[in-house]
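J.: Residue numbers (the working numbering), protein chains in the order written: chain X, 1 to 425; chain W, 426 to 747.
1) How would you call residue 232 of chain X, buried or exposed, if buried means at least 16 neighbouring beta carbons within 10 angstroms?
2) Assuming the contact rule is C-beta atoms closer than 8 angstroms, residue 642 of chain W and residue 475 of chain W should be a hit. Round their C-beta distance to whole Å, please.
3) Taking the alpha-carbon of residue 333 of chain X as reference, which of X:361, X:346, X:356, X:54 has the nearest alpha-carbon?
4) So, are the CB atoms of residue 49 of chain X and residue 87 of chain X less than 7 angstroms apart?
5) Compare the C-beta of residue 564 of chain W against all C-beta atoms of chain X and say whether one is closer than 7 angstroms.
6) Taking the beta strand (DSSP E) that residue 553 of chain W belongs to, which residues open and close that run?
7) Measuring only the C-alpha atoms, how far is residue 722 of chain W from residue 239 of chain X?
8) For residue 606 of chain W, which beta-bridge partners are listed by DSSP?
9) Are three or more beta carbon pairs between the region 684-702 of chain W and the region 483-495 of chain W nearer than 8 angstroms?
10) Assuming residue 382 of chain X contacts residue 147 of chain X under a Cβ cut-off of 8 angstroms, what Cβ separation, rounded to an integer in Å, is found between them?
11) Residue 436 of chain W: buried (16+ other C-beta within 10 angstroms of its C-beta) or exposed?
12) Can you tell me whether residue 270 of chain X is helix, strand or coil according to DSSP?
13) Which residues of chain X have a Cβ atom closer than 9 angstroms to the Cβ of residue 461 of chain W, listed in chain order?
14) For the region 486-519 of chain W, list every residue whose C-beta sits within 9 angstroms of some C-beta in chain X, in sequence order.
15) Flag residue 239 of chain X as yes if its beta-carbon sits less than 7 angstroms from any beta-carbon of chain W, otherwise no.
16) Which partner residues of residue 54 of chain X appear in the DSSP bridge assignment?
17) Which value, in whole angstroms, describes the spacing of the CA atoms of residue 330 of chain X and residue 595 of chain W?
18) Starting from residue 216 of chain X, follow the alpha helix (DSSP H) in both directions and report where the run begins and ends.
19) Looking at residue 402 of chain X: is its Cβ nearer than 7 angstroms to the Cβ of residue 391 of chain X?
20) On the premise that residue 40 of chain X lies in contact with residue 96 of chain X, defined as a C-beta separation below 8 angstroms, what is that separation, rounded to the nearest angstrom?
21) If you draw a straight line from the alpha carbon of residue 720 of chain W to that of residue 244 of chain X, how long is it in whole angstroms?
22) With a CB to CB cut of under 7 angstroms and the five nearest residues on each side skipped, what residues in its chain are close to residue 742 of chain W?
23) Go to residue 372 of chain X, then tell me how far its alpha helix (DSSP H) extends in each direction, as first and last residue.
24) Looking only at its chain, what residues have a beta carbon closer than 6 angstroms to the beta carbon of residue 82 of chain X, apart from the 5 residues adjacent to it on each side?
25) Verify the CB distance criterion: does residue 724 of chain W have a CB-CB separation below 7 angstroms to chain X?
26) What are the residues in the region 171-188 of chain X lying within 7 angstroms of chain W by C-beta distance?
27) Using the three-state DSSP reduction, which class does residue 417 of chain X fall into: helix, strand or coil?
28) Taking only beta carbons into account, state which residues of the region 72-98 of chain X come closer than 8 angstroms to chain W, listed in chain order.
29) What are the complete alpha helix (DSSP H) segments, minimum 4 residues, inside the region 570-646 of chain W?
30) Work out the CA separation of residue 448 of chain W and residue 172 of chain X for me, nearest whole Å.
31) Any contact of the region 158-174 of chain X with the region 362-372 of chain X, i.e. 3+ C-beta pairs under 8 angstroms?
32) Just the chain W side, please: which residues come within less than 8 angstroms of residue 245 of chain X by C-beta, in chain order?
33) Within 7 angstroms (strictly less), CB to CB, does residue 469 of chain W reach chain X?
34) Using a Cβ-Cβ cut-off of less than 7 angstroms, give me the residues of the region 393-422 of chain X that come near chain W, in sequence order.
35) With respect to the beta strand (DSSP E) encompassing residue 264 of chain X, which residues constitute its N-terminal and C-terminal limits?
36) Applying a beta-carbon distance threshold of less than 9 angstroms, which residues of chain W neighbour residue 236 of chain X?
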């Protein structure tokens with residue numbers, strides 16, 4: 001166990017010094033107070049809005065901040081309390097207004113945490129853009145496919161792990177985060193971008209390997225039940241999430257080339273990043289599919305997922321297969337994390353746990369433990385997430401709908417789309 | 426380093442209303458998991474339903490305190506029904522995924538800006554506690570170093586913990602409780618005795634969820650504000666840590682577990698901050714000290730589960746899993 005934690009911390013520390021050395025403060029926050037009021041200014045197309053003045057008044061204190069290039073702003077305040085936060089609307093760029101119903105000024109009350117976030121939502125203001133519905137629909141379809149396939153990268157790994165070991169791994173979100181954070185860290189120390197990505201994927205694989213050898217294999221040997229293992233994975237998720245935050249900080253960082261103008265591709269307008277993400281994840285998933293269906297290793301993996309005891313009796317090295325599944329799962333999750341960092345865009349310590357439930361939704365929708373089900377389920381989740389906004393659902397509810405769909409599907413077809421009845425139990 | 430203030434703030438955590446809220450919610454989890462074997466990973470959602478149910482009925486509909494309380498509990502019972510119907514017939518890990526998803530759905534729904542007028546969106550709601558404090562029987566003055574408001578909320582919070590503990594203790598030694606434990610041990614055996622397992626599980630889910638709703642109110646009243654960011658999945662995981670710390674199939678375990686959780690958090694924060702301020706520790710900032718505590722929570726949860734799954738007070742024979 002000790003060796004595992006040492007390895008875990010060592011893996012994460014690789015990114016640490018660099019991230020600390022070069023991390024630019026997201027916005028000017030001259031006083032170093034323990035408590036912060038912060039937020040992000042993004043317009044309704046999710047582009048950051050820099051250069052907007054925000055003031056906080058209260059508890060006998062007054063502070064100002066200007067939103068940085070990433071749209072983030074932070075005001076340090078001396079103590080937890082109630083502050084009146086005002087956004088100076090005259091500093092907003094032309095064509096952007098606060099959305100209707102957005103209080104300004106507003107009161108921000110601190111709870112338990114030392115950071116309090118308040119989000120100003122924006123609308124287009126006077127410029128009313130009436131988009132073409134069909135155009136919008138196709139754009140969202142492609143974006144949803146891109147999002148769904150990046151979810152599928154993580155979901156396939158999660159599903160393989162579930163299939164071979166029975167573990168519902170709540171720490172999978174942190175494996176996603178790790179990929180993006182490692183790319184940022186390696187890039188920040190000055191390594192070339194392509195090398196940073198390769199190293200991050202290797203790091204993700206190592207993390208998967210270390211988890212299996214240091215934690216899950218000994219637990220399987222002890223005969224620990226599936227429910228305790230699930231709770232252990234929650235503890236691991238918490239620990240790793242805060243280890244990442246400890247080294248990386250709470251701010252949002254951008255990977256190189258995160259901002260890109262949309263290009264027109266026939267009838268579809270798409271950002272090059274999304275297009276690359278779509279191509280890469282589709283290619284990788286096809287590769288995984290071929291390996292699973294055509295190679296000896298793939299056959300062995302499916303055999304272990306089907307019946308570990310029978311697989312072992314047939315001469316398959318079950319532990320070896322599970323080790324490879326963990327390594328592949330780690331690499332896939334890292335890749336998904338890097339793509340997710342471009343899709344959002346931004347790298348944060350909790351970016352993986354934000355989509356963990358969507359990954360779960362994809363896996364459950366497709367059928368727990370079925371790899372191709374995870375793929376289909378994730379694409380469905382991705383499409384639902386993006387398409388609901390076209391049909392009038394508020395943008396801040398777009399993660400709700402896939403989760404709701406998952407619950408409804410469980411009601412009528414508990415084994416999922418491709419699952420088998422016997423797995424439901 | 427000021428040891429006496431570190432110690433006194435740690436002792437203050439022992440009886441703080443937040444600890445009482447954690448104890449109540451963890452007791453609800455004990456009913457779910459410790460006694461019935463239901464994996465509820467959405468206790469934060471039940472707490473949010475309770476807190477918002479109370480705050481919205483007070484602010485939007487102007488109902489008196491006790492009606493608000495009733496609405497909060499009924500709302501959480503409805504939430505339990507909605508969750509239970511699709512999942513209680515399925516395997517345990519399905520319930521885990523559905524409850525955690527439902528809790529997040531609740532959080533997203535109260536955060537969405539479309540309903541700001543009712544839910545207050547990301548800023549939450551405030552100023553709904555007057556009805557509660559107007560019932561304060563204690564005149565102004567100092568009670569054990571607290572003002573009468575702080576003292577009142579502690580009396581009510583811990584009074585509620587005691588009442589609920591006694592109720593759950595009585596329930597669990599009743600025939601109903603024995604059936605529940607039977608379901609935890611072997612569902613099929615109980616079913617073959619002619620018991621409606623589904624109904625028992627649903628009742629347990631509702632009772633534990635109502636405790637969660639009460640916890641949400643105790644959590645939110647002293648703050649005078651309810652905010653969606655307080656009810657994320659991490660709250661649920663901290664409650665699980667409290668439950669496993671104390672012992673899952675015991676009545677006092679979750680209460681002691683919540684106390685230990687908060688005292689240890691307060692002590693580590695005090696000691697780390699003291700060390701940083703005195704210059705003994707230079708490799709850590711005060712913000713990182715806060716994060717280090719949560720790293721320790723995660724590691725503690727793992728180690729507890731691996732090496733002492735029955736918790737400090739629990740009985741190894743009474744585990745909800747083999």
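For every residue, glycine included, the Cβ atom is placed at its ideal position computed from N, Cα and C. Keep in mind that this is a model prediction, so the values were computed, not measured.
T.: Walking through what the data contain:
1) In the first chain, the residue the question calls residue 232 of chain X occupies position 232. Around the beta carbon of residue 232 of chain X, 16 or more other beta carbons lie within 10 angstroms, which makes this residue buried.
2) Your numbering for residue 642 of chain W matches position 217 in the second chain. Your numbering for residue 475 of chain W matches position 50 in the second chain. Beta-carbon to beta-carbon, residue 642 of chain W and residue 475 of chain W are separated by about 5 angstroms, close enough to satisfy the 8 angstroms threshold.
3) Within the first chain, residue 333 of chain X is the residue found at index 333, counting from 1. Answer by Cα proximity: X:356.
4) The residue given as residue 49 of chain X occupies position 49 in the first chain. The residue given as residue 87 of chain X occupies position 87 in the first chain. Their beta carbons are not under 7 angstroms apart, which means residue 49 of chain X does not touch residue 87 of chain X by this criterion.
5) Walking along the second chain from the start, residue 564 of chain W turns up at place 139. So, not an interface residue.
6) As a position in the second chain, residue 553 of chain W is number 128, starting the count at 1. Premise fails: residue 553 of chain W is in no beta strand (DSSP E) and is neither H nor E.
7) As a working mapping, residue 722 of chain W is identified with position 297 in the second chain. As a working mapping, residue 239 of chain X is identified with position 239 in the first chain. Each residue's Cα considered, the two are about 7 angstroms apart.
8) As a first step, residue 606 of chain W must be located in the second chain, where it is residue number 181. Beta-bridge pairing links residue 606 of chain W to no other residue.
9) Contact between the region 684-702 of chain W and the region 483-495 of chain W is absent, because fewer than three Cβ pairs lie under 8 angstroms.
10) The residue you call residue 382 of chain X lines up with position 382 of the first chain. The residue you call residue 147 of chain X lines up with position 147 of the first chain. So it is a contact: roughly 4 angstroms between Cβ atoms.
11) Working through the second chain from its first residue, we reach residue 436 of chain W at position 11. Per the 10 Å Cβ criterion, exposed.
12) By one-based count along the first chain, residue 270 of chain X stands at place 270. Strand.
13) Residue mapping note: residue 461 of chain W aligns to position 36 of the second chain, counting from 1. Simply none; closest approach about 13 angstroms.
14) 507, 508, 510, 511, 512, 514, 515, 516, 517, 518, 519
15) For this step, residue 239 of chain X is matched to residue 239 along the first chain. Chain W contact via Cβ: present.
16) Numbered from 1 along the first chain, position 54 holds the residue referred to as residue 54 of chain X. DSSP, once it has assigned bridges, lists X:65, X:87 as partnering residue 54 of chain X.
17) The residue you call residue 330 of chain X lines up with position 330 of the first chain. The residue you call residue 595 of chain W lines up with position 170 of the second chain. So the alpha carbons of these two residues sit roughly 48 angstroms apart.
18) For the purposes of this step, residue 216 of chain X is identified with residue 216 of the first chain, where counting begins at 1. For residue 216 of chain X, no alpha helix (DSSP H) run applies, since DSSP gives it neither H nor E.
19) Position 402 of the first chain, counted from the first residue, corresponds to residue 402 of chain X. Position 391 of the first chain, counted from the first residue, corresponds to residue 391 of chain X. In this structure, residue 391 of chain X does not lie closer than 7 angstroms to residue 402 of chain X by Cβ.
20) Taking the first chain and counting its residues from 1, one reaches residue 96 of chain X at position 96. Taking the first chain and counting its residues from 1, one reaches residue 40 of chain X at position 40. Incorrect: roughly 14 angstroms between the Cβ atoms, too far for contact.
21) Taking the first residue of the second chain as 1, we reach residue 720 of chain W at position 295. Taking the first residue of the first chain as 1, we reach residue 244 of chain X at position 244. Cα to Cα, residue 720 of chain W sits roughly 10 angstroms from residue 244 of chain X.
22) As a working note, residue 742 of chain W is residue 317 in the second chain. Hits under 7 angstroms: none found.
23) One-based indexing of the first chain puts residue 372 of chain X at position 372. 371-390 is the extent of the alpha helix (DSSP H) around residue 372 of chain X.
24) On the first chain, position 82 is the one that residue 82 of chain X refers to. The residues are 58, 107, 109.
25) Within the second chain, the letter at position 299 stands for residue 724 of chain W. Residue 724 of chain W counts as touching chain X.
26) none
27) If you number the first chain from 1, residue 417 of chain X lands on position 417. Of the three classes helix, strand and coil, the one that applies to residue 417 of chain X here is coil, per DSSP.
28) none
29) 573-597, 600-610, 612-617, 622-645
30) Looking up residue 172 of chain X in the first chain gives position 172. Looking up residue 448 of chain W in the second chain gives position 23. So the two alpha carbons sit approximately 29 angstroms from each other.
31) yes
32) In the first chain, counting from the first residue as 1, residue 245 of chain X sits at position 245. Going along chain W in sequence order, the residues near residue 245 of chain X (Cβ under 8 angstroms) are 716.
33) For the purposes of this step, residue 469 of chain W is taken as the residue at position 44 of the second chain. Chain X contact via Cβ: absent.
34) Residues 394, 396, 397, 399, 400, 403, 404, 406, 407, 410, 411, 414.
35) In the first chain, counting from the first residue as 1, residue 264 of chain X sits at position 264. 263-265 is the extent of the beta strand (DSSP E) around residue 264 of chain X.
36) Here residue 236 of chain X is taken as the residue at index 236 of the first chain, counted from 1. 723, 724, 726, 727, listed in chain order.
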